[in-house]
Amino acid sequence: MGFTATKKIGNAVKRNRAKRRLRALFFTYSSLLQDGTYIFVAKQTISETSHQKLQNDFEKVLSRLDTLKKKTDDQSIPA
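Structure below.
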């Protein structure tokens, strides 16, 4: 897995915050993901995006890419 944020995001503080947000979402969903290599690239709008919108977009992308494991009774998508 890899997380990256270019200088277009802003200074080092903003880039690190963007990567922390992506990393936190990844670990939230990590038990639901299929094995594989994941690379996440932060975009400029990540600093203005609410956590709920970011989580919805994250889930939408993972579903579209068909990387989520099939749900079982003991697995649920975090709230």
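In my numbering, the protein residues as written are 8 to 86.
C-beta: ideal position from N, C-alpha, C; glycine also.
Judging by CA-CA distance, which residue of Lys21, Gln41, Tyr36 and Tyr45 is the nearest neighbour of Phe10?
Position 3 of the sequence shown, counting from 1, holds the residue named residue 10. Minimum Cα distance to Phe10 is reached at Tyr45.
Helix, strand or coil, according to DSSP, for Lys67 in the structure here?
Here the question's residue 67 lines up with position 60 in the sequence shown. If DSSP states are grouped into helix, strand and coil, Lys67 belongs with the helices.
Look up Gln13 in the DSSP assignment and say whether it is helix, strand or coil.
For the purposes of this step, residue 13 is taken as the residue at position 6 of the sequence shown. Inspection of the sequence shows that residue 13 is occupied by Thr rather than by Gln. Thr13 falls in the coil class under three-state DSSP.
Alpha carbon of Ser54 to alpha carbon of Lys77, nearest angstrom:
For the purposes of this step, residue 54 is taken as the residue at position 47 of the sequence shown. For the purposes of this step, residue 77 is taken as the residue at position 70 of the sequence shown. Looking at the two C-alpha atoms, the distance is approximately 31 Å.
Residue closest to Leu61, alpha-carbon to alpha-carbon, out of Arg30, Leu72 and Ser38:
Looking up residue 61 in the sequence shown gives position 54. Answer by Cα proximity: Arg30.
Distance, Ile16 Cα to Tyr36 Cα
On the sequence shown, residue 36 is found 29 positions in, with the first residue counted as 1. On the sequence shown, residue 16 is found 9 positions in, with the first residue counted as 1. The alpha-carbon separation between Tyr36 and Ile16 amounts to approximately 24 Å.
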